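Residue numbers (this note's numbering): 624 to 824. For each residue, glycine too, the CB sits at the ideal point set by N, CA and C. The structure presented is a predicted model; accordingly, all values stated were derived computationally and were not measured.
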């Protein structure tokens with residue numbers, strides 16, 4: 624008798640008809656991964672560190688090399704209803720730059736209207752970006768700002784097209800696996816949390 628391949632339980636998928644609060648789980652895991660890209664994590668779990676560095680570099684549109692480190696990474700969840708808000712310093716061979724990232728994550732859903740400061744409803748990305756930009760307009764330091772939408776929908780899925788509009792608000796759209804780098808034969812890292820969430824999705 625042949626051995627049947629049994630599919631093991633997955634972290635984010637069970638028998639539920641609806642996804643529930645999956646985007647909250649995404650918020651927590653993204654926050655953790657961004658913070659694990661900080662240079663203070665470089666000597667512990669190197670495979671995990673490299674994955675997380677790749678994610679953060681992708682969102683910052685930074686070409687990684689050995690002279691670049693990410694420092695003082697701070698992350699907030701649901702600040703002004705923004706899913707994930709990150710601030711950090713990019714150290715380019717001793718030259719420090721301040722960067723901030725606004726992240727909207729989507730499990731499988733589309734964009735929706737959100738109430739703006741004038742009481743009118745506009746696309747949520749427009750509303751969140753205005754709050755984000757207003758915050759940095761009041762800062763004395765120069766900040767490089769980045770705007771990202773991350774979805775679990777594959778780029779090859781026709782439904783990914785629902786996010787084509789994000790560029791009109793100054794956002795870049797990323798599919799789940801865009802953040803892991805170009806390789807598609809991913810090795811497991813030293814973290815079961817990371818492996819279950821990212822590699823065995």
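Beta-carbon proximity check, residue i vs residue j, cutoff 8 Å
i: residue 774; j: residue 796; result: yes
i: residue 697; j: residue 684; result: no
i: residue 721; j: residue 766; result: yes
i: residue 794; j: residue 809; result: no
i: residue 642; j: residue 731; result: yes
i: residue 653; j: residue 741; result: no
i: residue 718; j: residue 693; result: no
i: residue 678; j: residue 656; result: yes
Proximal residues to residue i (C-beta, below 6 Å), its chain only, five neighbours per side dropped
i: residue 702; result: 708
i: residue 665; result: 672
i: residue 676; result: 660
Distance, residue j Cα to residue i Cα
i: residue 792; j: residue 757; result: 15 Å
i: residue 745; j: residue 700; result: 21 Å
i: residue 645; j: residue 705; result: 16 Å
i: residue 638; j: residue 786; result: 27 Å
i: residue 688; j: residue 820; result: 26 Å
i: residue 725; j: residue 755; result: 7 Å
i: residue 691; j: residue 813; result: 23 Å
i: residue 743; j: residue 750; result: 10 Å
i: residue 624; j: residue 659; result: Annotation note: pLDDT 46 at residue 624 (below 50); position unreliable, coordinate value reported separately. Computed Cα separation, rounded: 46 Å.
i: residue 674; j: residue 801; result: 12 Å
i: residue 680; j: residue 818; result: 20 Å
i: residue 804; j: residue 647; result: 24 Å
i: residue 663; j: residue 715; result: 16 Å
i: residue 686; j: residue 631; result: 36 Å
i: residue 772; j: residue 748; result: 9 Å
i: residue 695; j: residue 682; result: 16 Å
i: residue 807; j: residue 798; result: 14 Å
i: residue 629; j: residue 768; result: 45 Å
Presumed contact (8 Å Cβ cut-off) between residue i and residue j, rounded CB distance
i: residue 759; j: residue 784; result: So it is not a contact: roughly 31 Å between Cβ atoms.
i: residue 776; j: residue 782; result: 5 Å
Any chain C beta carbon closer than 8 Å to residue i
i: residue 646; result: Within the model displayed, chain C is absent; a lone protein chain is all it includes.
Close-in-space but distant-in-sequence residues of the same chain around residue i (CB under 8 Å, 5 per side omitted)
i: residue 753; result: 739 and 740
i: residue 764; result: 721
i: residue 627; result: none
i: residue 816; result: 652 and 655
i: residue 633; result: 819, 823 and 824
i: residue 790; result: 796
Contacts around residue i, its chain only, beta-carbon distance under 7 Å, and the 5 residues preceding and following it disregarded
i: residue 811; result: 818 and 822
i: residue 640; result: none
Are at least three pairs of beta-carbons, each pair with one atom in the stretch 660-676 and one in the stretch 719-739, less than 8 Å apart?
Segments in contact, no.
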